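Peer 1: Here's a structure for you.
Residue numbers (the numbering used here), protein chains in the order written: chain A, 76 to 335; chain B, 192 to 431.
Structural data, given as structure tokens:
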């Protein structure tokens with residue numbers, strides 16, 4: 076396996092007295108597509124939120140492209156990272172949220188342009204051109220001057236993806252991106268994710284409840300249970316020939332709750 | 192007594208002159224309150240418990256004491272305080288006293304504005320790697336400020352009506368002018384009525400203006416539902 080783009084080394088996370096993650100070890104290869112499944116409260120979302128620097132690990136080290144994310148080296152020792160270091164390393168990561176989190180005071184074009192201009196220092200023309208291309212790619216080339224409140228949930232989520240993609244991350248995180256959508260709008264969003272996945276270059280981590288979808292696009296499926304990676308492997312191994320009873324009961328509960 | 196229009200005409204220039212002082216003082220006090228309110232808001236955001244406790248106590252103290260007491264203290268008692276005490280002229284005293292008093296309320300408005308911005312907005316800004324400065328200037332403040340404008344406007348009007356308190360320490364605003372006129376002519380009804388009319392003439396249009404502003408900012412984008420999660424129906428209708 077090539078040098079991993081992301082590496083978790085014995086990562087723990089507690090919120091107060093509640094231990095959410097109890098030692099995560101995980102290597103993610105460049106361009107690898109990973110689906111994180113598991114019951115709610117199992118810590119799936121926390122795993123990716125730590126990678127996006129939205130939650131700080133309680134202990135352990137996360138590396139992005141060989142650099143520690145939450146730590147920096149000082150005289151041979153790892154010390155907690157400052158904001159400058161976080162900004163340097165975080166630039167490789169992009170994220171799409173369950174509730175879109177578009178900026179409501181900006182048009183969707185400005186939503187996409189704000190980071191290229193103010194983070195990467197691109198010229199307005201360049202950022203605009205790239206944003207338009209990206210919005211066309213997600214099928215919203217005709218909505219450039221609309222505000223988020225004028226879009227449907229599926230459209231909002233596609234804008235959110237364009238906004239993240241325009242920053243050219245090496246790793247994209249998807250946090251239950253279809254959970255807040257009306258059922259009939261889920262398809263259009265999954266379609267875009269599928270397109271992105273097929274282009275290949277980016278590593279992707281999807282926290283999802285869409286088992287069919289996970290099977291289609293993931294190289295590896297991870298089953299998280301009570302703060303540990305309980306089972307992992309190819310989609311066939313995990314979703315069809317699951318070893319543990321916990322996973323089998325999780326999957327069966329799932330099938331019964333969403334008949335297809 | 193009988194109403195005398197002569198007294199109205201006679202006191203008019205005096206009160207009109209006083210009006211400029213009242214207006215100017217309102218603006219001065221409010222500018223001070225807005226600037227100092229920002230300082231309070233900033234201090235309260237320092238993530239260190241002792242600072243938050245002390246600042247919280249000071250704010251509570253200022254808010255729970257009547258502005259008139261504060262004005263009297265600053266004007267009469269402060270000069271007698273050893274080492275730090277200085278004599279303040281009435282205008283400075285008014286700005287510090289009333290401005291300081293209102294700064295505590297205004298800090299609360301700023302805070303509510305900042306807190307009205309959805310947590311997801313901070314997270315999205317972090318995910319896009321915006322610097323702390325750009326987060327504030329491009330994402331948070333543009334959403335936090337508009338809803339505070341009508342509230343600030345309301346406090347401006349309230350403060351305008353509190354400014355006559357400063358007559359007690361000798362600021363020669365409208366009320367003081369009316370009082371002076373009365374003490375010379377024994378006619379109080381006409382000048383004081385005139386003062387009331389002046390206040391009404393300025394407060395009422397301001398209130399209407401603020402209501403208009405409020406409506407305008409609420410229209411601009413959907414405040415209660417910043418990410419618009421529940422607005423899908425409307426969105427579909429617009430696209431269809």
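Ideal Cβ positions, reconstructed from N, Cα and C, are used throughout, including at glycine.
All of these numbers come straight from a predicted model, not from anything done at the bench.
(1) Is it buried or exposed for residue 314(B), if we count other Cβ within 10 angstroms and need 16 for buried?
(2) Looking at the structure shown, is residue 288(B) part of a helix, part of a strand, or coil, going by DSSP?
(3) Could you pull the start and end residues of the beta strand (DSSP E) that residue 198(B) belongs to?
(4) Alpha carbons only, please: which of 269(A), 170(A) and 259(A) is nearest the one belonging to residue 241(A)?
(5) Per DSSP, what kind of secondary structure is residue 142(A) in: helix, strand or coil?
(6) Restricting to Cα atoms, I'd like to know which of 344(B), 376(B), 392(B) and 391(B) is closest to residue 403(B).
(7) On the DSSP bridge assignment, give the partners of residue 103(A) in chain order.
(8) Please determine, among 246(A), 259(A), 165(A) and 271(A), the residue with the shortest C-alpha to C-alpha distance to residue 320(B).
(9) In angstroms with no decimal places, state the Cα-to-Cα distance between residue 262(A) and residue 233(A).
(10) With distances taken Cα to Cα, identify the nearest neighbour of residue 286(A) among 305(A), 325(A), 302(A) and 270(A).
(11) Is DSSP giving residue 89(A) helix, strand or coil here?
(12) Using a 10 Å radius around the Cβ and a threshold of 16 neighbouring Cβ atoms, would you call residue 251(A) buried or exposed?
(13) Which whole-angstrom value is the C-beta distance of residue 272(A) and residue 279(A), which I expect to be below 8 Å?
(14) Excluding the 5 residues preceding and the 5 following residue 172(A) in the sequence, name in chain order all residues of the same chain whose CB lies nearer than 6 Å to its CB.
(15) Between the alpha carbons of residue 199(A) and residue 192(A), how many angstroms are there, rounded?
(16) Unbroken beta strand (DSSP E) runs of length 3 or more, entirely within the segment 285-335 of chain B: which are they?
(17) What residue range is occupied by the uninterrupted alpha helix (DSSP H) comprising residue 191(A)?
(18) Report buried or exposed for residue 222(A), applying the criterion of at least 16 other Cβ atoms within 10 angstroms of its Cβ.
(19) Would residue 245(A) pass as a contact of residue 294(A) if the rule is Cβ separation under 8 Å?
(20) To be precise: take each residue of the segment 139-159 of chain A, compare its Cβ to all Cβ atoms of chain B, and keep it if any distance is under 8 Å. Which residues remain?
(21) Using 8 Å for Cβ pairs, my map puts residue 173(B) next to residue 198(B). What's the rounded Cβ distance?
(22) Going by DSSP in three states, residue 66(A) sits in which element: helix, strand or coil?
(23) Near residue 288(B), what residues of its chain come up, given a Cβ to Cβ distance below 6 Å and the 5 sequence neighbours on each side ignored?
(24) Which residues mark the beginning and the end of the beta strand (DSSP E) in which residue 299(A) is found?
(25) Compare the C-beta of residue 129(A) against all C-beta atoms of chain B and say whether one is closer than 8 Å.
(26) Would you verify that the beta carbon of residue 304(B) is, or is not, closer than 8 Å to some beta carbon of chain A?
(27) Classify residue 127(A) as helix, strand or coil using the three-state DSSP reduction.
Peer 2: The structure says:
(1) Buried: at least 16 other Cβ atoms inside 10 Å.
(2) Three-state result, residue 288(B): helix.
(3) Run containing residue 198(B): none in the beta strand (DSSP E); it sits in the alpha helix (DSSP H), 196-235.
(4) Taking residue 241(A) as reference, the option from 269(A), 170(A) and 259(A) with the minimal CA-CA separation is 170(A).
(5) Collapsing the DSSP output to three states places residue 142(A) in a strand.
(6) Residue nearest to residue 403(B) within the set 344(B), 376(B), 392(B) and 391(B) is 344(B) (criterion: CA-CA distance).
(7) Beta-bridge pairing links residue 103(A) to 81(A).
(8) Of the candidates 246(A), 259(A), 165(A) and 271(A), the one whose C-alpha sits nearest the C-alpha of residue 320(B) is 165(A).
(9) Answer to the nearest angstrom: the Cα atoms are 11 Å apart.
(10) The shortest Cα separation from residue 286(A) among 305(A), 325(A), 302(A) and 270(A) belongs to 325(A).
(11) Note: residue 89(A) maps to strand in three-state DSSP.
(12) Buried is the call here.
(13) Between residue 279(A) and residue 272(A) the Cβ distance is about 6 Å, and since that is below 8 Å, they are a contact.
(14) So the qualifying residues of the chain are 250.
(15) Each residue's Cα considered, the two are about 6 Å apart.
(16) When DSSP assignments are scanned along the segment 285-335 of chain B, no uninterrupted stretch of beta strand (DSSP E) that is 3 or more residues long falls wholly within it.
(17) Run containing residue 191(A): 183-193, per the alpha helix (DSSP H) assignment.
(18) Taking a 10 Å sphere around the C-beta of residue 222(A), we find 16 or more other C-beta atoms and assign the residue as buried.
(19) No.
(20) Correct list: 158.
(21) Nothing about residue 173(B) can be reported from this structure: the residues present for chain B run from 192 to 431 only.
(22) As shown, chain A starts at 76 and ends at 335. That puts residue 66(A) outside it, with no answer to give.
(23) If we look at residue 288(B) and ignore the five residues flanking it on each side, its Cβ neighbours are 261, 262 and 265.
(24) First-last of the beta strand (DSSP E) with residue 299(A): 295-300.
(25) Proximity of residue 129(A) to chain B, defined by a Cβ-Cβ separation below 8 Å, is satisfied.
(26) No, no contact with chain A.
(27) Three-state result, residue 127(A): coil.
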